[in-house]
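First comes the structure, then the notes that go with it.
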Amino acid sequence: TAAGPLTGRTVVVTAGGTREALDPVRYLGNRSSGKMGVALAEAALAAGASVRFIGAAMDVPAPSGAEVTRVESTGELREAVFAHCAGADGLIMAAAVADFRPAEYTDAKIKKTEDGASPVITLERTPDILAETVCRRTEGADVPPVIVGFAAETGDDSGSVLEYGAAKLQRKGCEALVVNQVGRDQVFGQDTTEVTVLFADGREPVQAAGSKAEAASVVVEQLAGLMGREVQ
Ligand code: C5P
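Heads up, the sequence shown is in the UniProt record's numbering, so the first residue is 213 and it goes up one at a time.
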């Protein structure tokens, strides 16, 4: 590990998209490539941190130099986050976590029927891992003092991306929220991004644009700042 502002610190990074199984061969997933999470892990390693990387489904390899745990579903990610947060100094929740999952898992492959009827899939909400982790801290669990969430927002007629971000930061209760604008061809899977880091303590938002590696180093710099370690 390199010497840097995060030397001696341990950071948990989640990345990729969760997959929620419907039956043994099918799942509900999302377009997350894992690139941003991997870039964040690499930036934290470059800043001298020990990194515990928790990867859901990704299009890219896990970062070398990190302690890697692979998961598939939101339930598995939740358990891995709780387990790896113990003794860590920071958590960056970059994973695209499913908001809904099939309410029931079918043990055998769902089959087409002779009558041509379409199956109805009932969904249920998944647990919000980020909000739950913040809650666990207030209950005295061993949870990092600095938690950074992500928000992929599309914005719409009734509100801007940053307004949604500010409301989400409050709702989640974490120390900072990295907001980016997404769409079908924007951000997900791309090599470049544009992010705004919002802070719960009222400090001025910080913007970063460029490669995901560049944006990740700005996020990690802000993480170090929140840990009381300013980057030289
Ligand atoms: O509410 P939304 O999904 O936009 O919040 C995004 C942030 O919350 C991300 O940091 C994501 O990793 C986290 N999240 C979570 N558990 C969920 C949904 C999102 O931890 N079920």
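Glycine included, every Cβ here is placed at the ideal spot set by N, Cα and C.
Given the structure is predicted, the values throughout are model-derived calculations rather than measurements.
Exposed unless 16 or more other CB atoms sit within 10 angstroms - verdict on residue i
i, result
"Ile322", "exposed"
"Thr230", "buried"
"Cys347", "exposed"
"Arg221", "buried"
"Gly328", "exposed"
"Asp301", "buried"
"Gly216", "buried"
"Ser429", "buried"
"Glu232", "buried"
"Val237", "exposed"
"Ser370", "exposed"
"Gly267", "buried"
"Glu351", "exposed"
Whole-angstrom distance between residue j and residue i, CA atom to CA atom
i, j, result
"Leu410", "Lys324", "48 Å"
"Gln434", "Pro275", "21 Å"
"Ala256", "Arg290", "22 Å"
"Pro357", "Val223", "11 Å"
"Arg383", "Glu326", "48 Å"
"Arg349", "Ser330", "44 Å"
"Gln444", "Gly437", "Bear in mind that the predicted position of Gln444 carries a pLDDT of just 49, short of 50, making it too unreliable to give a figure here."
"Leu252", "Val263", "10 Å"
"Ala343", "Lys380", "10 Å"
Beta-carbon gap between residue i and residue j smaller than 8 Å
i, j, result
"Ala258", "Ala214", "yes"
"Ala427", "Cys386", "no"
"Ala218", "Arg441", "Correcting the residue type first, residue 218 is Leu in the shown sequence and not Ala. For Leu218 and Arg441, yes; Cβs fall inside 8 Å."
"Val431", "Val355", "no"
"Val407", "Ala420", "yes"
"Val391", "Gly377", "yes"
"Ile304", "Val250", "no"
"Asp271", "Gly401", "yes"
"Ala278", "Phe265", "yes"
"Asp235", "Thr286", "no"
Paired residues, beta bridge with residue i - DSSP
i, result
"Pro314", "Leu335"
"Arg238", "Asp235"
"Arg282", "Gly267"
"Val407", "Asn392, Ala420"
"Glu365", "Gln393"
Using a Cβ distance threshold of 8 Å, determine whether the segment 331-339 contacts the segment 354-370, with at least three qualifying pairs required.
no
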